[in-house]
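Residue numbers (my numbering): 40 to 441.
For reference, the structure is listed below as structure tokens.
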RNA sequence: GGGGGAAUACCCGAGUGGUCAAAGGGGCCAGACUGUAAAUCUGGUGGCAAUGCCUUCGCAGGUUCGAAUCCUGCUUCCCCCA
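In structure tokens form, the structure reads like this:
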């Protein structure tokens, strides 16, 4: 096995990375691996807590792929046991607990999606239940004895929760211990993750040293902010772009991204060379955003689909043309109905009548042509076949009579 | 085990007997402006057969003409002491 020169590897590794700890050990490890021809073992752990991976997850995943391309060994940990605990990192409250079955189902979905970024045929995949499930209580105690409560409380998220009088459950304290033990078991050289993982990464070093193993280096990416441009991208915050979403869905979301996030997204989510990024950012933000979107969408589907998505957005959203494929809803109506009932009861465009009423009186409803606004909720509408109804910014439907 | 505190709409949070479907902020929704960015402005934000009616302030009772507000019991959470 031959590896690129260390300097060259470092350049790839450093892109979009916020912190490497300890930084000074990295070159040495790379050099040693190059000299001996032994690839480094790169760890990335993910807890199967949901069914969709989003772009936030892909930041360390991409870093993993880069390591793979440099010739190193990817080691994926599916945290089926840690998922039962719930990672307290960066959280201000306890996560909801998951069932074993749920976790297993999620794990399958995750692996499928991981394969879109990482070359799974060359990766080791482990579930940490493989070693935690059979651990007995004595071993468990031994593990816990490695960490003091004071150490745990130095964690930012725990100390914040203490300060704000929010509960910290005992099982959450075990999370970093488990994560660190994973590193011992798989003998990781480098662990990938976000900056909020610092504590666990360092704990892993302590435990590896304790077991007379080489200590891992943490390579930490910045936290990717979500579509709101403020909070981290996350499922529960609803500010994410899922990697399994359709090209057009992704497109629409990308265009809603605040301009200020563009550089970060280019750096963390694409391979576009940094000087080229600077050039793009010097131009109009709208164009830059479209380039960003098509680069990323292209990776998860195809370049053609990405281009099509950009064009579709330009037509339907920017030019406000009628979309090509409008969702059709069939209704059976012989008599005219009031607009409120049409919107909420017949077409189910809103959850409640009150919602429909609001939407109508506020000018969010149009029929057949944008601009053909109908603001009287009581207006009686004689529904005709092919009638097009818009409700708010996002919903347009075509009525099909039976 | 003992003591103290808290629970209000999506979130935070005001409200201590009627004027409370409940201030204010955030978020979100709609509209204007725009590049479906940001900023800004306007309106909205429990439900319904809608100038009215019904349900909601942890849960269950009670006092009262009238309760988010007072009383009793319960549940949950937090803090302190052990």
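We put the beta carbon where it would ideally sit given N, CA and C, even for glycine.
Checklist entry - Does the Cβ of residue 154 have 16 or more other Cβ atoms within 10 Å, making it buried, or fewer, making it exposed? => result exposed
Checklist entry - Quick one: Cα of residue 343 to Cα of residue 41, how far? => result 35 angstroms
Checklist entry - Considering only the beta carbon of each residue, do residue 311 and residue 56 sit closer than 7 angstroms? => result no
Checklist entry - Touching or not, the region 93-100 and the region 256-276, by the rule of three or more beta carbon pairs under 8 angstroms? => result yes
Next on the checklist: According to DSSP, simplified to helix, strand and coil, what is residue 110?
Outcome noted: coil
Next on the checklist: To the nearest angstrom, how far is the alpha carbon of residue 47 from that of residue 107?
Outcome noted: 14 angstroms
Checklist entry - Alpha carbon to alpha carbon, what distance is there between residue 73 and residue 250? => result 25 angstroms
Item to check | Bridge partner(s) assigned by DSSP for residue 281 | outcome: 93
Checklist entry - Comparing alpha-carbon positions, which option in 313, 308 and 440 lies nearest residue 370? => result 440
Item to check | Alpha-carbon spacing of residue 399 relative to residue 406, whole angstroms | outcome: 11 angstroms
Item to check | Neighbour-count burial assignment, residue 329, 16 or more Cβ in a 10 Å radius | outcome: buried
Item to check | the region 211-222 / the region 230-249 touching (three or more Cβ pairs under 8 angstroms) | outcome: yes
Checklist entry - Between which two residues does the beta strand (DSSP E) containing residue 166 stretch? => result 162-166
Next on the checklist: From the DSSP secondary-structure annotation, give me the bridge partner or partners of residue 368.
Outcome noted: 438
Checklist entry - In the DSSP assignment, what residue or residues form a beta bridge with residue 83? => result 115
Item to check | Rounded separation between residue 102 and residue 383 - CA only | outcome: 47 angstroms
Next on the checklist: Is the separation between the beta-carbon of residue 395 and that of residue 379 shorter than 7 angstroms?
Outcome noted: yes
Checklist entry - Is it the case that the Cβ atoms of residue 336 and residue 348 are separated by a distance below 7 angstroms? => result yes
Next on the checklist: If we require 3 or more residues per run, which beta strand (DSSP E) segments fall completely within the region 253-306?
Outcome noted: 256-260
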